[in-house]
Every structure is written in structure tokens, then in C-alpha cells.
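Each remark here refers to the structure printed beneath this line.
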Amino acid sequence: MPPSTPRTTSDRLRTPRRFPKFLKAASLCVLIAGLLSPLSRAAAADTSTAAAANDYCGGQCSDILPPGENGNATLAQILLNQAFGTQPSHAEDQLGLYGNLASGYSTLTDAKINDFFNDSSFGVASGQVESTTKPGNRTDVTIVRDKKTGVPHITGTTRYGTEYGAGYAAAQDRLWLMDVFRHVGRGQLTSFAGGAASNQGLEQEFWRNAPYTEADLQAQIDEATSRAGARGAQALTDANAYIDGINAYIDASDSGRYFPGEYVLTGHKDSITNAGTIDHFKLTDLVALASVIGSLFGSGGGGEVNNALSLLAAQNQYGVTEGTKVWESFRERNDPEAALTVHDGQSFPYAAKPDSPQGEALPDAGSVTQEPLVYDRTGSAATASATSASATAAKTSLTSAKRGMSNALVVSGKYTASGHPIAVFGPQTGYFAPQLLMLQEIQGPGLSARGASFAGLSMYVELGRGQDYSWSATTSGQDIIDTYAVELCQDDYHYLYHGTCTAMDKVERTNSWKPTTADGTAAGSYRMQVYRTKYGPVEYRATVGGKKVAYTTLRSSYLHEADSIIGFQMLNDPDFVKSPATFQSAVQNINYTFNWFYADSAHTAYYNSGDNPVRASGVDAEFPVWAQAAYEWQNWDPATNTATYTPASAHPNSVDQDYYISWNNKQAKDYTTASWGDGSVHRGDLLEDRVSKLVAAGGVTRSALVKAMADASLADLRAEDVLPDLLKVVNSSPVTDSTAAAAVSKLSAWVTAGAKRKETSSGSHTYADADAIRILDAWWPLLVKAEFQPGLGSDLYTAFGNNLPMDEAPSAGHGPTGSHAGSSFQFGWWSYVDKDIRSVLGESVQGGLSRTYCGAGSLSACRDALIGSLKEAAGKSASTVYPGDDQCSAGDQWCADSIVQRTLGGIKHGKITWQNRPTFQQVVEYTSHR
């Protein structure tokens, strides 16, 4: 079938001459409140293929990725969806399965797993073939799509043809999204997709930390492929074939006029004449895309200036010695009560506090100013919403509280009913329409895998399964970013490098936009400007000991966004990955900060990846240090930003531990992560408590492990792990106030019922224990303030809040996707409250805070503070606690929590009930091995 043939009949619908008024008014391309999306397909003849013979999972591998595989829609399909709610084929056929687990998991059995997941066996069963395509009329590759999900199964007889097919399939399913993100990575989103405030914020957030020129992007390709020898050469060949496949689809869909309708809505194509162009992809686009994904999910560290400011606030409040103790107790670098992924007692020291810190460059009080990024604002770039978006973007990019997300539950075969390991794992990447990830199976010379990849980077499966093994990842967040104080000389744009006054490198990007059908934001423009040094981009300016300095951030993956390609290539190679050891060897080639998990029919394994720099002796990774040779990374070369990195054996790793859990918690004893909050209460405990009980009982099944994950996904961490002790304090004397007593009764009943945020019945859109949930949502910020602010003082309380947010309830706007994102309870003060309240109660606390804060240690005074704040919370109406947004009316509690597939284009989907679980998720239990 010719490649220009669209996949479905509705794809042939031509663009109407007039747009409905409602579509003209809609801002379809707003990122975070709507990025933008691709949507289209290509049909073909129905042929059959037998199930693959190289599959050792025995029908016991499943996966799910909402809302659906099809992320492209023509303009006609977009109009139909907007007017009547009709969906393109396979645009949301995985959303219902995914959403229904929240109400269906309690009665789950192994036989019912695929009522909520899809069979992820290799191949397409006879009779289940929906379409077969020979992309570009090539004879060396075939794309088969199955009837149930429309996932592309790419089979090639040559390596080039296989990768060409992968690129073609990616463009079929995600062309617009790929185009959006290559512009995000270059800091050019607004010029491409529109000037909505959230678009402005997004391009600023990423370009601040990765202000690359086109030459920088090309140099990263050259460096990554040349250093990797034969595998590097193969990766380059694969990437070129992948790009050729993308561009072949662009040409075919353009000439056939079934390209994504967003190109018309944003003014890049004319709906009548077809004038306009869709720019071909090039290799540097892949690096731009990788820089966005790596920054979102795989770059731990930063925040050293904020750490310094809170340390100075603590020392100002309590004096240097006591203030330092207070700061360290809140930092929880190595809390003995923290949940661990490697829990067998192994120690992996990294980024520990030095006995005698050297080279610290703490700012003078009141001298720190954030380096401006945006200049010369005109039109809508100068509005209050635009400047607010800029402030939020800056805060997000400069914090150490990176939104990690993702979880994993892996149990050794020693404790399962079958004797084979079981894994339930996947990444939490937010919820979009289309999804950031896409599914595929790829089979060809040296390639055999099925799973998920980020759109535009799918020449290899990044998270998924091979012939007899599966793998997945969670964000780890160890510190690979350091802040240096470069001493200025001559003026504000020169600095001392090894004693020589050196000019900073200025990189600029000018963007402008005008209203389009998709985004009616008024015309505007601005210029982004970053000054770069050998020690990285300038982020702040200050004085240190009276000397003018610029604070820069140096990330080990800076200028190395393409390096991880080799690790992913190895994971897809059946001749390379054959065991836990070879799996660990593969992921050692991934320079982003991730926790990697593995399961086959006999073994499980874990490895923490990332280029962890070897710091100079005495350097404390928590704070800025002087930009001097004595404090640089060991053997650091500024020309290539390479250094000596800690050896693989120093990274947390393990094989065949009884079980592994990970939800962005602490990896192992003595291994310090950059973000705050690895203490006695962490969302990882929700998994730890459930999985440890399963393992202790033995006979674990796939359905039992899915149930444990699903049960944790509905739990309110605060209610399950902290609220019982809060109620102990409140109930230490009879509660005589009627308002407080009623609240205590409701909260107690909720805890007894399991502390879940769960509907009364499927589809009721009303929570059981709704009033108790409302009370805790209102009470938490009030009780934290009542407990800690009197002792810390307002300045230190605020400073610590800048290091670690106090709450992250489901209804809060947070993370890379904003509110309605599912992921919750990653960052908050639950550990501080837990340790402090247990101290007030006289219970044993390991690694406690340096002093007791609630009621200054008095049980009665603490009780009074809690009851006072509880009464205030109980009096807050639902409309106050849940004020409403663009998705929900004020007071709608269920809706405030609900998961929304944020529109990245023109296709919209319905809300699903809140679940705190991976976006893409696998359930695997292999029965045999090669």
C-alpha cells in the first residue's frame, strides 16, 4: 500500500473552509495547561502474523499506557472531537482500562490482569492484525498494527530498514508532539506554537539550564558517537535511518494532506491551498528532545544557593553552631529511618558531609539576586500572567526538588508462588493527550524489544521488555550538579578562570508570536539571554566576603545529552543483555540519574545510573564552592565537561535481593540525594509496608503485587503514616470543643477505614470519607505552620519551605504537569511532623530533629496548637479548600483530585479518578530463559 495512504477513512476528511467559533476561541496549544499534539494515521491491508517465537514470557507480560497509542489527528478529526466528542481510532482505548483499576483492584486475580492492562507479548496474533504498512514502499521493513490498541509492531530484515520503520511509526503516532518538543529544547516554542504564558514559561524553564547553540547540539552527537567506538558508529547510523523514516512520513502526510491538524491551527499550513511547510527533522533535533526529557526526569542536584540561604537563616536564628545543627537535622542527608531500595545493609557513600568543609562560598547576607533570563518584553510578553509564568519557571529550574515520579515493585522468585520473579513497575510522566511516551515493538538485526519510549526518541525502546527480560526506571535524584562562585573581574561579564580574566559567553534567543486559531494570545516578543562560563551558565549574582561573584551551575550531563543512547541501544540488543550483570553493564552507560530495575525468569537486579563526579576532597556538595582549581571535579576538562566519575561499584546496585521498592526514595545507606525529604515518612513507605508483608507471607502472585501497587496508589500518605500520631496528641486529653471533636471523629473513622482517597463506588465522583479528606487537606498546611513557625521564626520557616515544599496533595498544582497530574506526596514536611510529634509523645526517634518544635516540647501546648489549627481547618468550606480551576468548579473535591489528560493538541479526553501510579506500567513474570 502506498505510504501516502491515510490509516482511517476519517483521515481523508478535508479541512472545512470555516472554523467554528468555539475552536477559534480555544487555546489548544498551551503547554502545561495544554502543550499541543500531533494526531494522524496510515491505513493498509489486513494480513496476519504468527505470535513471535522469541518470547519467553509465556503470555504473562502486560502493559498499559493511557490514553491511547494514536496521538495524531487531522484537522477534520479535531473538529469532530471538539464538536461531538468523537475519538480517532486508538486515541483513548487504553484510558478506560487504566482508570478502572482504582475500583477493580480489590477483586483482582491473575486471570483478570488484562481487564486492566494489555497483553504485551511479542508479535500480533493471527486474526488480530488491523493494518500492515511498508513505509516508503521499502521491502526491508513492515509495520503491523494490532486491532486492540493500534501499537506499531516494526519488523525489519535490515538494520537500516528497521530504524527507518521506527522513525516512520513515531511520526505516524506523535509528529506534532515531536515537533513541539524539539522547539522546547531549543527555546523556540512560542515562535512555533504561540505565546501563551505557559508556553513562555516552559521554554524558559528548559533553556535556562541547557542554552545550547546548534553547534553545541552537533558537537554532542559527534562526541557521544566517537567515544563509543563501533556502538557509537551504529547509533549514528540508526539515528540517521530513524530521521529518514520521520521525514518520509512528513512528506507522505503533507502530499496526502493527512498531517496533524495543529499545523493548520497554528498557521504553519494553509487548510485550502496546502501552502506552508512542515520542516524536516535532523539529528540535532534528537539532542534537543533529549535535553528536555533528561532535565525533566534525570538530572538530580542543584539548589545549593537556596541551601546556603536557609543555612544562613538558621545561623542567624540560633547562632552558627546551633543553627548548623538545626539545618542538618532538617536536611536529613542520611536519615536512619528512611525507606531504602537496597535494604540489605550495603553502604554506598556519596556526597557525604565532609569533616572539614573546604572552599565554601556562602553569600553575604542580602546580596543574592537571581540572574535575569528575559529581556525586551513587548506586547503579551509583558503581561502579569507572562511575568508570573517566568517566575515559576525560574523557581522550578533552580530547585533541587526535581519532580522524580515513577515507582517499582520487584519480588524475587524465592517468595513468589511460581518461583519466578515478578515485577510491577513503570515511569510516572504525567498525563497528556497525546502521551509523552509511545508504545512500539521493534524486531530487526540486533534489536528485539517492546515497550515505551519518549516521542521522537523511539529508535530504541527505553522502558520495556526484551525476549526474556524486562526493565524499568524511576528518577533517583542523586547530586550531579554543583554550584560554583566565579569571582568577577573587569566588569560583570568577565570572571577569573585559573587566575586569568576571561569573558563570559553570551547566548541569546529572540522569540516573537502573533495570534493563531490555536492560541489567541496577543502578539508579543522577548529576548532570552544566558551568560555561560566554563563552570556552566550563570544563575545568580552575589557578593562573598565583599567580592562580587556570579553563581554558576555545572551539571555532569551538560553538553552530554546524547551520551545515554549507547545504554539504550544495549538494552534493546538480545545478544548483549542476557543476565543481571549484562543488564547492569548496559545501564551503566546511561548518564542521567535513574534507578534501573530488571527481572527475568530467575533473577532480579537493580542499578543506580548517572555520571557522579568525584569531588575534590573537603567539598560539600550541598553548598556553593569557589571556582578555583582546588575545588573542581577530579580531572575535569572544561572544554568537554568531562571528569572522573565514581566507579560502577560505588553506585547502589544489587542482584536478587528479596524485594525492591522505589518511589523516588533514598537508594541505599549513606547515599545522599540532592532533594530534601528522605526521612522517616516518604511515599516509598506506602510500597515498603505492603510489599514487605507480601514477601513475609510468601507465595506472591502477579495480581497480589498489582493489588499492593494499586492500594498504595489510593493512599493518602499523611493520613496513613502521620495522622495516627497527630490524633494521639489531640486525644491525650478529652476533646471538649464540639467542632474539634466532630473533626477528630471523622478523621479517626477515615484512618480506621484505610485512609484512602477512593470513590464510594465506581463512577460516583464522590469520595468515601469526603469530609475527613477535606479537613486534612485544609489542616495540613495550618498544622505545619502552627507546629514549626513559632520555634523556627518566620524567616527560617520560609527558607526551609523554599528547600522543601510543605505539602503535595493530589489537588495541589505541582510538578512538571501542574495539577490533575496524579503523582502526589513526593515532597512535603511529613517526616518533620512525624519525628517532631513522636518526640512530643516521648516515643523513640532515630535521627530526630535537633529540637522539639510542637508546643516547644510540651504535650499540652502542642495539643492546643493542633486543636486550634484543626478547628480552623474544619471551618473551611469545600469551595475554599478546592477553589476550582479551568477543569473543575469550586468545591468539587473529586474533580480537584482527578487526572486530566492535558491537551497537547486538539483531541480531548474525559477525566479519570485519582490514582498515584505510573503512567506507563508493566506487569511481568517470565516463565523461561534463553
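Letter by letter, the sequence shown follows residues 333 to 1262 in the numbering used here. The beta-carbon is built from N, C-alpha and C at its ideal position, and this holds for glycine as well. What you are looking at is a predicted structure, and each value in this text was computed from that prediction instead of being measured.
Note down, one range per segment and in chain order, each alpha helix (DSSP H) of at least 4 residues found wholly within the segment 635-701. You should have 636-650 and 652-663.
Selection from GLY455, ILE1199 and GLU462 that minimises the alpha carbon distance to THR1071: The shortest Cα separation from THR1071 among GLY455, ILE1199 and GLU462 belongs to ILE1199.
Span of the alpha helix (DSSP H) holding GLN1225? That run of the alpha helix (DSSP H) goes 1225-1229.
Looking at the unbroken alpha helix (DSSP H) that takes in ASP570, where does it start and where does it end? For ASP570, the enclosing alpha helix (DSSP H) stretches over residues 561-588.
For the segment 884-892 against the segment 935-955, do three or more pairs of beta-carbon atoms, one drawn from each stretch, fall closer than 8 Å, so that the two count as touching? Touching, yes, given that three or more Cβ pairs across the two stretches are closer than 8 Å.
Identified DSSP bridge partners for PHE929: Bridge partners of PHE929: SER804 and TYR938.
Need the endpoints of the alpha helix (DSSP H) that SER1163 sits in, please. Looking at the DSSP string, the run of the alpha helix (DSSP H) that includes SER1163 is 1162-1172.
Provide the residue(s) that pair with THR465 in DSSP beta bridges, ordered along the chain. The beta-bridge partner set that DSSP reports for THR465 consists of ILE475.
Going by Cα to Cα distance, which pick from ASP932, ARG1050, ASN973 and ALA953 is closest to THR1005? Closest by alpha carbon: ALA953.
Determine the direct distance from the alpha carbon of TYR496 to that of LYS466, and round the result to whole angstroms. Going by the C-alpha atoms only, they are around 11 Å apart.
At what residues does the beta strand (DSSP E) containing ILE774 begin and finish? Run containing ILE774: 769-776, per the beta strand (DSSP E) assignment.
Less than 8 Å between the CB atoms is what I'm expecting for GLY526 and THR598, so what's the real figure, rounded? Rounded, the Cβ-Cβ distance is 6 Å, consistent with contact.
Taking the beta carbon of LYS1167 as the centre, do at least 16 other beta carbons fall within 10 Å, making it buried, or is it exposed? Classification for LYS1167: buried.
Once you ignore the five residues that flank GLY1009 on each side, which residues in its own chain have a CB closer than 6 Å to its CB? Closer than 6 Å at Cβ, skipping near neighbours: LEU1136 and PHE1159.
Distance, Cα to Cα, LEU1019 vs GLY391? Rounded to the nearest angstrom, the two C-alpha atoms are 26 Å apart.
Euclidean distance between Cα positions of GLY899 and ALA560: For GLY899 and ALA560, the distance between alpha carbons rounds to 10 Å.
Contact check, ASN446 vs PRO420, beta carbons under 7 Å: Not closer than 7 Å, so no.
Tell me PRO484's beta-bridge partners as DSSP assigns them. PRO484 is bridged to ARG477.
So what does DSSP say about THR1004, is it helix, strand or coil? Collapsing the DSSP output to three states places THR1004 in coil.
Tell me ALA784's beta-bridge partners as DSSP assigns them. Paired residues: LEU771 and LEU795.
Continuous alpha helix (DSSP H) stretch holding PHE1265: start and end: Residue 1265 lies beyond the range of the chain shown here (333 to 1262); nothing can be said about it.
Less than 7 Å between the C-beta atoms of ARG1034 and VAL706, yes or no? No, they are not a contact pair.
In angstroms, rounded to a whole number, what distance separates the CA positions of TYR1258 and THR848? Just so you know, the alpha carbons of TYR1258 and THR848 end up roughly 51 Å apart.
Would a C-beta distance cut-off of 7 Å place GLY588 and GLY499 closer than the cut-off? Cβ atoms of GLY588 and GLY499: not closer than 7 Å.
Closer than 7 Å by C-beta to HIS830: which residues in its own chain qualify, once you throw out the five before and the five after it? Chain order, please. The answer, listed in chain order, is ALA961.
Pull up the distance between the alpha-carbon of ASN413 and that of LYS1060, whole angstroms please. Rounded to whole angstroms, the gap between the alpha carbons of ASN413 and LYS1060 is 53 Å.
So, at 8 Å on beta carbons, what are the nonlocal neighbours of GLY677 in its own chain, with the 5 sequence-adjacent residues on each side left out? Answer for GLY677: LYS1001, listed in chain order.
Per DSSP, which residues does LEU828 bridge with? Please list them. Beta-bridge pairing links LEU828 to CYS833.
Could you give the distance in angstroms between the alpha-carbon of ALA959 and the alpha-carbon of TYR867? Distance from the CA of ALA959 to the CA of TYR867, rounded to the nearest whole angstrom, comes to 7 Å.
Within 10 angstroms of its Cβ, does CYS1194 collect 16 or more other Cβ (buried), or is it exposed? Buried.
Can you give me the C-alpha to C-alpha distance between HIS1152 and ALA1206, rounded to a whole angstrom? Taking the straight line joining both Cα atoms gives about 24 Å.
Based on the DSSP secondary-structure assignment, which residues constitute the bridge partners of ILE754? Beta-bridge pairing links ILE754 to VAL743.
Paired residues, beta bridge with ASP814 - DSSP: Bridge partners of ASP814 according to DSSP: LEU886.
Can you give me the Cβ contacts of ASN579 inside the same chain, cut-off strictly under 7 Å, excluding the 5 residues immediately before and after it? Cβ contact annotation for ASN579 (same chain, cutoff 7 Å, sequence separation greater than five): HIS612 and PHE613, in chain order.
Taking all protein chains shown into account, do 16 or more other C-beta atoms lie within 10 angstroms of the C-beta of GLU325, making it buried, or fewer, making it exposed? Any question about residue 325 goes unanswered here, given that the chain covers just 333 to 1262.
Below 8 Å on the Cβ atoms is my contact criterion, and I expect SER744 with ASP451 to pass it. Report the Cβ-Cβ distance as a whole number of Å. SER744 to ASP451, Cβ: 25 Å. No contact.
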